[in-house]
Amino acid sequence: MKTKVKHKQKRNKQLFVKEGLTLPLTYQPDNDRVDWRKEAIINQDMFLEVLAKIEEINESIRLRLETKKIIDIIQNPRRDNIGILNISSNGGTAKIKKNILLEDLTQIADAQTLERAKYYINRLKKGLTEVKNSKINDFNLNRWKEYDDILTGSLWILDKRDKSGAHNAGYWGNFIPQIPNQFLRRYTKQGEWVLDAFLGSGTTLIESKRLGRNGIGVELVPEVVELANKNIANEKNIFNVRIEVINGDSAELNFRKELETRGIRSIQFLIMHPPYWNIIKFSNNNKDLSNAKTIEEFLNLFGKIVDSTYDILDKDRYFAVVIGDKYSKGEWIPLGFHTMNEVLKRGYMLKSIIVKNFEETKGKMNQKELWRYRALVGGFYIFKHEYIFLFKKVKK
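Per the numbering used here, the sequence shown runs over residues 104 to 499.
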């Protein structure tokens, strides 16, 4: 029995070597979030050396053939006889998405001229050796192709919500985690501060924890604060960030004072997902925006929150508002655009209007046919979208 175990261990070790990976048997790929089918871990020094040799070739056919050898190795690691995938303790490593690396290498191989091929080689080398950062995120723009999961279009079609980790859809009206995930990665750096003025069940701060951003959330209802704290605590704090949850009214809160008492100078990203006016009753509290008696009162309260958070957001940083419209007494009320205008009145610059789909809300769950009938009778269209307004603070 012992002999079989030893034989199995030896065979497993050989498999690692055959794949070009001199890793210990205790290595767990999932811990480093490596998907071996989608990502390649290369010996950076060896890979750059090979690229340099290919760059010296002055015959198009030979350059193409040598590049295709590298492509073959990336696609079939067992054929690596030059050590591109051999991770050495003496050399640096680089983790690259396989499809992007193969795309870049194919572009080199298919180049019509030597000059163009060498341009692509230099671009690939630059992506591996130089870091070009933005002022507002941690992206390496020399490797911009690798951020293919970052949405850049104004129409977001998201099939289902992320329910991984501490996320859940139990709280009525919480937005999907993909929204703060996209914004925090694109508009903040690790270690910066994010504020959610309508925290709800804690979605934004769960994502903050996940992505290494410090987070502050304000929630009016004590029971919901308790739920948020529970949800946030269920997410591991692997980046050792600070998370602050405040039970209070964002329309009355002195945000500057709240930050100062916590030793925080300012925030670098602001997000708001206000409770929609007179649609879902979140509480019996008169200060709850969802209980505003008129749309004018709703917008006035929302405007006060925009005012009170303006000074604490750094100049040239971003502010996102997630909100939908309302249908009442046969009339479509453009609540989203009314809310957008309240922000614009305060001097923010509108950067984007994003339309995000939703297929079924909790309030209409299992009522698809009923709402279809109502729409046919009432002459209206059923809500299938909400807005995300993105603003930039351009004045101090």
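For glycine and all other residues, C-beta sits at the position ideal for the given N, C-alpha and C.
Can you give me the C-alpha to C-alpha distance between D213 and N161, rounded to a whole angstrom?
15 Å
For H376, which three-state DSSP category applies?
coil
Spatial neighbours of I408 within its chain, please: CB distance less than 6 Å, with the 5 preceding and 5 following residues excluded, ordered by chain position.
Contacts found: A300, S353 and A354.
Which whole-angstrom value describes the C-beta separation of F422 and K496, a residue pair presumed to lie in contact below a C-beta threshold of 8 Å?
Sure, about 7 Å apart at Cβ, within 8 Å.
Give me, in chain order, the residues of the same chain whose beta-carbon lies closer than 7 Å to that of Y274; leave out the 5 immediate sequence neighbours on both sides.
Low per-residue confidence applies at Y274: pLDDT is 48, beneath 50, and the placement is therefore not dependable enough to give any value.
Alpha carbon to alpha carbon, how far is E434 from V348?
38 Å
So what's Y490 in DSSP terms, helix, strand or just coil?
If DSSP states are grouped into helix, strand and coil, Y490 belongs with the strands.
What residues match up with Y413 in a beta bridge as DSSP calls it?
In the DSSP output, where bridge partners are listed per residue, Y413 has none listed.
Can you confirm whether the region 366-379 touches the region 336-343 when touching is taken to mean that 3 or more C-beta pairs between the two stretches lie within less than 8 Å?
no
Could you give the DSSP three-state label for Y290: helix, strand or coil?
In the three-state DSSP reduction, Y290 falls in the helix class (H, G or I).
Keeping to the same chain, check which residues put their C-beta closer than 7 Å to that of L404; ignore five residues upstream and five downstream.
A354, L392 and A395
Output yes or no for whether 8 Å exceeds the beta carbon distance between I346 and I415.
no
Are the Cβ atoms of L453 and L447 separated by less than 8 Å?
If you check the CB distance, L453 and L447 come in under 8 Å.
Can you look up A197 in the DSSP assignment and give me helix, strand or coil?
strand
Determine the burial state of R365: buried for a count of at least 16 other Cβ atoms within 10 Å of its Cβ, exposed for fewer.
R365 comes out exposed.
So what does DSSP say about K333, is it helix, strand or coil?
helix
For K156, which three-state DSSP category applies?
helix
Fully enclosed by the region 221-263, which alpha helix (DSSP H) runs are 4 residues long or longer?
none
Is there contact here, the region 146-165 with the region 217-236, by at least three beta-carbon pairs under 8 Å?
yes
Is it true that the region 202-212 meets the region 252-265, where meeting means three or more beta-carbon pairs spaced less than 8 Å apart?
no
For Y484, which three-state DSSP category applies?
Residue state, collapsed to three classes: coil.
Please report the Cβ distance between T306 and F278, rounded to the nearest whole angstrom; I am assuming they are in contact, meaning their Cβ atoms lie under 8 Å.
Going by Cβ atoms, the distance from T306 to F278 rounds to 6 Å, so yes, they are a contact pair.
Would you call W296 buried or exposed, if buried means 16 or more other Cβ atoms sit within 10 Å of its Cβ?
Buried, because 16 or more other Cβ atoms sit within 10 Å of the Cβ of W296.
Expressed to the nearest angstrom, what Euclidean distance is found between the alpha-carbon atoms of G195 and R167?
27 Å
May I ask you to report which of helix, strand or coil DSSP gives I187?
It is coil, neither helix nor strand.
What are the boundary residues of the beta strand (DSSP E) that includes L308?
Counted as a single uninterrupted DSSP element, the stretch harbouring L308 is not any beta strand (DSSP E) but the alpha helix (DSSP H) occupying residues T306 to L314.
Pick helix, strand or coil for N317, following the three-state DSSP scheme.
Residue state, collapsed to three classes: strand.
Might you give, ordered along the chain, the residues of its own chain that have their beta carbon closer than 7 Å to the beta carbon of L154, omitting 5 neighbours on each side?
I224, L227 and K228
Compare the C-alpha of L362 against each of V328, V321 and I398 and name the closest.
V321
Considering only their Cβ atoms, is the gap separating S455 from S257 smaller than 8 Å?
yes
Identify the continuous beta strand (DSSP E) that holds D299 and give its terminal residues.
W296 to D299
What would DSSP say about N460, mapped onto helix, strand or coil?
strand
Excluding five sequence neighbours on each side, which residues of the same chain lie with their C-beta closer than 6 Å to the C-beta of E489?
G427 and K459
Measuring alpha carbon to alpha carbon, tell me which residue in V324, S411 and N189 is nearest K360.
S411
Could you compute how far the alpha carbon of K156 sits from the alpha carbon of M149?
11 Å
Of all the options I199, K171 and E169, which has the alpha carbon lying nearest to the alpha carbon of N146?
I199
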